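**Q**
There are 2 protein chains.
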Amino acid sequence: MLDVELVKKEIRPTAVRLRVLEQFQSDPAAVSLNELEERLQPVDRTTLFRTLKMFEKKGVVHAVHDENGIIKYALCADSCRCSYSDHLHVHFSCKRCKKTTCLHDVQIPEVMLPQGYVPQDANVVIKGVCNLCSGL
Amino acid sequence: MLDVELVKKEIRPTAVRLRVLEQFQSDPAAVSLNELEERLQPVDRTTLFRTLKMFEKKGVVHAVHDENGIIKYALCADSCRCSYSDHLHVHFSCKRCKKTTCLHDVQIPEVMLPQGYVPQDANVVIKGVCNLCSGL
DNA sequence: GCACAAATGCAATACGATTGCATCGTCGAT
DNA sequence: ATCGACGATGCAATCGTATTGCATTTGTGC
């Protein structure tokens, strides 16, 4: 069934790609290239790198820069068309457990930019302590 | 008069620091270490690096990661206390002129995080075409 | 002027991102 | 089934920014 999802998006379902997709679906957190490499080893970094870039281009995942500027990838929601407004949701980066979570449901209310500014993409990261670590 | 501002924040007003502060005040755009180095040359990168880190810690500037994950620094507004809500304003990164602008006035409306998430800092970057480049 | 601490400058390192290139595998055409 | 082309993979090398170590210089208080 994973195959189908990839084929739908014009991606040839190779072994590595299926494993990557599976990983994304099993864990909602956004992951960096390094993290992905650790979890899927043994796999070549470069292959993963290119897989992620391809997934991003094809709209399977979207990238955000975490609070350290490191690229992390998260699965797109079904309804996501990777448009500007689709990316206007919050990514939460926990300083305790270091995990970055894609909060699809937390949309940023409309941003009123000054005259002349044309938005095309967004990167919203909030740093703090996540629900699991705060104990609240 | 620049001296005073630094002293107020417990920063010894050295030559380099004054030049850096002057640069920030003369141009509202957020700048990276490299950009700063180019404009202020000849100055040593490391000194600038440490100056920026210190300015950040003392609340003179705040840092954002632009859409490429590169750290850019922008002058804090007078009212800024570098709290979470102070950082909930938009930074606009223009893909045309490559400049990142700190839109102090564009505050993100309150973000409703799910139960348990404790926000402490934020990084909001919107990419697109800025007012000067769009011609609108 | 002296002693100490801060600031500076240069070199070296760390590390994520990215590319070049050779090899391998898959798939359609013959 | 075989050939040829193209996509996918793996390994090594490179790039760019961030960061640290250490020696030297500068500034300040005594």
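Quick note, the sequences are listed as chains A and B, same order.
Our numbering applies: residue 1 is where the first sequence begins, and numbers increase by one.
Our numbering applies: residue 1 is where the second sequence begins, and numbers increase by one.
All C-beta atoms, glycine included, are put in the ideal place defined by N, C-alpha and C.
Since the model is a prediction, treat every value here as computed from it, not as a measurement.
By the 7 Å beta-carbon criterion, what residues does the segment 105-125 of chain A contribute toward chain B?
**A** Val106, Ile108, Pro109, Val111, Met112, Leu113, Pro114, Gln115, Gly116, Tyr117, Val118, Pro119, Gln120, Asp121, Ala122, Asn123, Val124 and Val125
**Q** Threshold first: 3 residues or longer. Then list the beta strand (DSSP E) segments lying entirely within the segment 34-108 of chain A, N to C.
**A** 61-65, 71-75, 89-94 and 100-107
**Q** Let me make sure I understand the geometry here. Which of B:Asp3, B:Gln23 and B:Phe24 has the alpha-carbon closest to that of B:Thr14?
**A** Numbered from 1 along the second sequence, position 14 holds the residue referred to as residue 14 of chain B. Of the listed residues, the one whose Cα sits closest to B:Thr14 is B:Asp3.
**Q** For B:Asn131, return the contacting residues in chain A, with the cut-off set at a CB-CB distance below 7 Å.
**A** Within the second sequence, the letter at position 131 stands for residue 131 of chain B. Near B:Asn131 (Cβ distances below 7 Å), the residues of chain A are Pro114, Gln115, Gly116 and Tyr117.
**Q** At a CB distance below 7 Å, what residues from the segment 53-68 of chain A approach chain B? Give them in sequence order.
**A** His65 and Glu67
**Q** Expressed to the nearest angstrom, what Euclidean distance is found between the alpha-carbon atoms of A:Cys130 and A:Ala29?
**A** Working through the first sequence from its first residue, we reach residue 130 of chain A at position 130. Working through the first sequence from its first residue, we reach residue 29 of chain A at position 29. Going by the C-alpha atoms only, they are around 12 Å apart.
**Q** By alpha-carbon positions, which one of B:Ile126, B:Gly135, B:Gln25 and B:Ser134 ends up nearest to B:Ala74?
**A** Along the second sequence, read from residue 1 onward, the residue named residue 74 of chain B stands at position 74. The shortest CA-to-CA distance from B:Ala74 to any of B:Ile126, B:Gly135, B:Gln25 and B:Ser134 is the one to B:Gln25.
**Q** Taking contact to mean 3 or more Cβ pairs, one atom from each stretch, closer than 8 Å, check whether the segment 106-125 of chain B and the segment 76-85 of chain B are in contact.
**A** Pairwise C-beta distances place the segment 106-125 of chain B in contact with the segment 76-85 of chain B, as three or more of them are shorter than 8 Å.
**Q** Where does B:Asp121 sit, in a helix, a strand or coil, going by DSSP?
**A** As a first step, residue 121 of chain B must be located in the second sequence, where it is residue number 121. Strand.
**Q** From the beta carbon of B:Ser134, is the nearest beta carbon of chain A less than 7 Å away?
**A** Mapped onto the second sequence, residue 134 of chain B falls at position 134. True, the Cβ-Cβ gap to chain A drops below 7 Å.
**Q** Taking Cβ to Cβ, would you say B:Val111 is nearer than 7 Å to B:Leu103?
**A** Residue numbering aside, residue 111 of chain B sits at position 111 when the second sequence is read from its first letter. Residue numbering aside, residue 103 of chain B sits at position 103 when the second sequence is read from its first letter. Not in contact: B:Val111 and B:Leu103 (Cβ atoms no closer than 7 Å).
**Q** Mind checking whether B:Lys127 and B:Glu67 have CB atoms under 7 Å apart?
**A** By 1-based counting over the second sequence, the position of residue 127 of chain B is 127. By 1-based counting over the second sequence, the position of residue 67 of chain B is 67. Yes, these two residues count as a Cβ contact at 7 Å.
**Q** Closest to B:Ser79 by CA distance: which of B:Ile71, B:Arg96 and B:Asp105 is it?
**A** Within the second sequence, residue 79 of chain B is the residue found at index 79, counting from 1. Comparing Cα positions, the closest option is B:Asp105.
**Q** On the DSSP bridge assignment, give the partners of B:Ala30 in chain order.
**A** Taking the first residue of the second sequence as 1, we reach residue 30 of chain B at position 30. According to DSSP, B:Ala30 bridges with B:Thr100.
**Q** Give the range of the alpha helix (DSSP H) segment to which A:Lys8 is assigned.
**A** For the purposes of this step, residue 8 of chain A is identified with residue 8 of the first sequence, where counting begins at 1. For A:Lys8, the enclosing alpha helix (DSSP H) covers residues Leu2 to Lys8.
**Q** Below 7 Å on C-beta distance, what does A:Leu33 contact in chain B?
**A** For the purposes of this step, residue 33 of chain A is taken as the residue at position 33 of the first sequence. None at all; the shortest Cβ gap to chain B is about 12 Å.
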